[in-house]
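Visitor: Right, I'll just put the structure down here and ask away after.
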Amino acid sequence: MTQSPTTNSIELLTEKRIEDLFKEHYAVLTAYANKFLTDLDDAREIVQNVFVQLIDHKDTVKIHTSAKAHLYTSVRNACLNVIRQRSTHAKHHENIKYLNSDLGIGADKILEQTELEHQLYQAIDELPEQCQRIFKLNRFDGFTNQEIADQLQISKRTVETQISKALKTLRNKIGPMLASLLILWIMKEM
Amino acid sequence: MNENKQHIDEQILLSILNQKASEEDVKTFEKWMASNPENKESFEKMRKIWEKSKEIEIFNQIDVEADWKLVKAKTAPKAKVRKLSVYIRYAASIVILISLSFAFLYQTTPGFGKLAQQKTKLKKDQVLLADGTQVHLNQNSRLVYPNQFNSKTRNVILEGEAYFEVEKNPSKPFIITSGNAIIEVLGTAFNVRNDEKGRTIVTVNSGKVSLTDQKTKKVVFLTKGEKGILHDSTITESVNDEPNFDTWKTGVLRFRKTPMPLVFKYIEDYYGIKITNKCERIDTLNFSSTFNNQRINSVISELELQLNITTVKRGKHLIISEKRN
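Residue numbers (the working numbering), protein chains in the order written: chain P, 423 to 612; chain E, 768 to 1092.
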């Protein structure tokens, strides 16, 4: 993974630099915003607008922290504005729970989780082709092992073996990070 | 020996995760977990990955390249600055025009008072009407509707395509005017589409719907699983043979032994691409697969794998040819 240059001094923004920032952070920023807004299209629009603002004002924007921190703060504030503007529906109470009064800490934890999730996603993307396909059909699309076996014309046993293999590979790859990976959203099911 | 205890059939672990383990397997598992703290740690990691992977499907739906293009499209071009005096000159005549038109506009134009409208361009959208009816609008569509349903019927106007989930109200029929068609509904879920050929196509998911030609007043009744097409005052009724009529809304593309030419058509429609097939062999084949909100690249990979073909994609054009081994 390439590290973007961190700057503690005032950063000069060019459209190319903004494009690089976009390509590096957009996926995580959007998944992060989605946790507040629970609607992917809304989240995409919020994050895109943050970048649009950045481009429109690139000559006057002064970034005093790192570019990454600036982006996350902008996205978080934009999400909060949206949530405040909307009338209080039940579903937003769930999300406001995560934005407790000491706003900085709660949101940082969510950000950390989103980054870990993205790393898991990228690790899945690096699995060997067939293994990856089977794992995604199971975990992303929700097909049963039998359905996957039928679709791909292989045995159910092969499907199960591939999934075990995927889990082992993923565990080895991102094992160290897993200690801090929380299963916040699943706890209510247990 | 400790080595024995370290090893457990991985399928048992998988069945524990799937909550489908037999009593015997559970006992084996618990023994294995207790025998060595490393086992417990190892399993915990697998469990976390297992649970978490279900939550991260969202990354699959984020197309960074495409959304960067959207960002560029939204950035402002340089604005022109006009002299103030030019505006003042026209002010008087504008004021008169406005007051004369206001009453007329209130009654007839969406957005001014009685009527509202919802319009979509590149993005799909959704409207909740005053009676609880949900309307899902596809791209490039427009729905005109009253803020309140005060008359004896609930009337709306549709241009383009939408999926309706109409709130049941037997005493107040729901009437949609679309193209040359009048569609009357009691309480049901169905799709209305106006296509480039000037046809209005109604596909019913549940409930009962009547489709009337405005010109000749000819009527047909459609129920679940049926489709009616109005074209030039002719209405054809048939069983819905299009499993993918609501893909634009659900994002799910379903192929069950579907002939290839039809598969191409659905993929072209949904992803907005053009497919050129140079491989005659596959024209007569059938294809089965289900794509749930997948990006085009996943679909292409699946086609390549199942049909043993090679593809080249240039922008929005996909070219298929025989795979050379």
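Cβ atoms here follow ideal geometry from the backbone N, Cα and C, with glycine treated the same way.
Is P:L542 closer than 9 Å to P:L493 when the C-beta atoms are compared?
Guide: No; because the gap between Cβ atoms is not below 9 Å, this pair is not in contact.
Visitor: Per DSSP, E:A956 is paired with what?
Guide: According to DSSP, E:A956 bridges with E:E932, E:S973.
Visitor: In this structure, how does DSSP classify E:L1029 when only helix, strand and coil are distinguished?
Guide: Correct three-state label for E:L1029: helix.
Visitor: For the candidate residues E:D1013, E:T1017, E:T1051, whose alpha-carbon lies nearest to that of E:F1031?
Guide: With distances taken between Cα atoms, E:F1031 lies closest to E:T1051.
Visitor: Using 9 Å as the limit for Cβ to Cβ distance, is P:D463 near chain E?
Guide: Closer than 9 Å: yes.
Visitor: Going by C-alpha distance, which of E:S1068, E:M813, E:V793 is nearest P:A588?
Guide: It is E:M813.
Visitor: For the region 1031-1057 of chain E, which segments carrying the beta strand (DSSP E) assignment without a break, of at least 3 residues, lie completely within its bounds, in sequence order?
Guide: For the region 1031-1057 of chain E, whole beta strand (DSSP E) runs of length 3 or above, ordered along the chain, are 1041-1044.
Visitor: Taking the beta strand (DSSP E) that P:H492 falls in, what are its first and last residues?
Guide: Note, P:H492: premise wrong, no beta strand (DSSP E); alpha helix (DSSP H) at 489-507.
Visitor: Given that E:L1143 touches chain P, what residues does it touch there, using C-beta distances under 7 Å?
Guide: Chain E is shown only over 768 to 1092; residue 1143 of chain E falls outside these bounds and no answer can be derived.
Visitor: Confirm, please, whether the CB-CB distance from P:E582 to E:L781 is below 9 Å.
Guide: Going by C-beta atoms, E:L781 is nearer than 9 Å to P:E582.
Visitor: Can you find a C-beta in chain P that's less than 9 Å from the C-beta of E:K886?
Guide: Taking Cβ atoms only, chain P never reaches closer than 9 Å to E:K886, which makes this a no.
Visitor: So which residues on chain E does P:Y543 lean against when the C-beta distance must stay under 7 Å?
Guide: Chain E residues near P:Y543: I823, F826.
Visitor: Express the C-alpha separation of E:F826 and P:M612 in angstroms, rounding to a whole number.
Guide: With a pLDDT of 29 at P:M612, under the threshold of 50, the modelled position of this residue cannot be trusted, and the question is left open.
Visitor: Is it true that the CB of E:F796 sits closer than 9 Å to the CB of E:I779?
Guide: A contact, by the Cβ cut-off of 9 Å.
Visitor: Give every residue of the same chain whose Cβ lies closer than 7 Å to the Cβ of E:E1069, excluding the five residues on either side of it in the sequence, and list them in chain order.
Guide: Hits under 7 Å: S1056.
Visitor: Given that P:Y448 touches chain E, what residues does it touch there, using C-beta distances under 8 Å?
Guide: Within 8 Å Cβ-Cβ: I829, V831, D834, W835.
Visitor: Just the C-alpha distance for P:Q539 and P:G597, rounded to the nearest angstrom, thanks.
Guide: A small correction: the amino acid at residue 539 of chain P is Glu; Gln does not occupy that position in the sequence shown. Spanning the two alpha carbons is a distance of roughly 13 Å.
Visitor: Taking only beta-carbon atoms, is P:S509 less than 9 Å away from chain E?
Guide: Residue placement at P:S509 cannot be trusted, given a pLDDT of 49 that sits under 50; the coordinates are not used to answer.
Visitor: To which residues of the same chain is E:V1066 closer than 6 Å at the C-beta, ignoring the five residues directly before and after it?
Guide: Within the same chain, E:V1066 has close Cβ partners F1058.
Visitor: Using a Cβ-Cβ distance cut-off of 9 Å, determine whether E:M813 contacts chain P.
Guide: Taking Cβ atoms only, chain P reaches closer than 9 Å to E:M813, which makes this a yes.
Visitor: Below 6 Å CB to CB, which residues in the same chain sit around P:S496 once its five sequence neighbours on both sides are set aside?
Guide: These residues qualify, in order along the chain: V472.
Visitor: Which chain P residues are close to E:N917, counting only those with a beta carbon under 8 Å from its beta carbon?
Guide: Within 8 Å Cβ-Cβ: nothing; E:N917 doesn't reach chain P, min ~24 Å.
Visitor: Closer than 9 Å between beta carbons: that is the criterion. Which residues of the region 477-493 of chain P meet it against chain E?
Guide: From the region 477-493 of chain P, only I477, D478 have a Cβ closer than 9 Å to chain E.
Visitor: When you compare only the Cα positions, how much space is there between E:I823 and E:D962?
Guide: When rounded, the distance between both Cα atoms is 37 Å.
Visitor: Going along the chain, which residues of its own chain have a beta-carbon closer than 7 Å to the beta-carbon of P:S431, five neighbours each way excluded?
Guide: Note on P:S431: pLDDT 49, under 50, position unreliable in the model; the coordinate value appears next. Here the set comprises nothing.
Visitor: Would a check of beta-carbon distances place E:K890 closer than 9 Å to chain P?
Guide: For E:K890, the answer is yes, since a Cβ of chain P falls inside 9 Å of its Cβ.
Visitor: Exposed or buried, E:F988, counting other C-beta atoms within 10 Å across all chains shown (16 or more means buried)?
Guide: By the 10 Å Cβ count, E:F988 comes out exposed.
Visitor: Could you tell me whether any Cβ in chain P is nearer than 9 Å to the Cβ of E:W1015?
Guide: So, not an interface residue.
Visitor: Rank E:K935, E:L925, E:M1027, E:K919 by C-alpha distance to the C-alpha of E:T887 and give the top, closest one.
Guide: Closest option to E:T887, Cα to Cα, is E:L925.
Visitor: Note down, in chain order, each residue of its chain lying with its Cβ closer than 7 Å to the Cβ of E:V923, except the 5 sequence neighbours on either side.
Guide: So the qualifying residues of the chain are L910, V911, Y912, I943.
Visitor: Using the three-state DSSP reduction, which class does E:P913 fall into: helix, strand or coil?
Guide: It is a strand residue.
Visitor: Which one or two residues does DSSP pair with E:Q893 in a beta bridge?
Guide: E:Q893 is bridged to E:H903.
Visitor: Taking C-alpha atoms, which residue in P:A449, P:L476, P:Q475 lies nearest to P:D463?
Guide: Considering only alpha carbons, the answer is P:A449.
Visitor: Have a look at P:R498, P:V504, P:N456, P:Q554 and flag the residue whose alpha-carbon is nearest the alpha-carbon of E:Q828.
Guide: The shortest C-alpha separation from E:Q828 is found at P:N456.
Visitor: Which partner residues does P:T460 have in the DSSP bridge list?
Guide: Paired residue(s): none; P:T460 is not in a bridge.
Visitor: Mind listing the chain P neighbours of E:K939? Cutoff is C-beta to C-beta under 8 Å, in chain order.
Guide: Neighbours of E:K939 on chain P: none; closest Cβ ~27 Å, over 8 Å.
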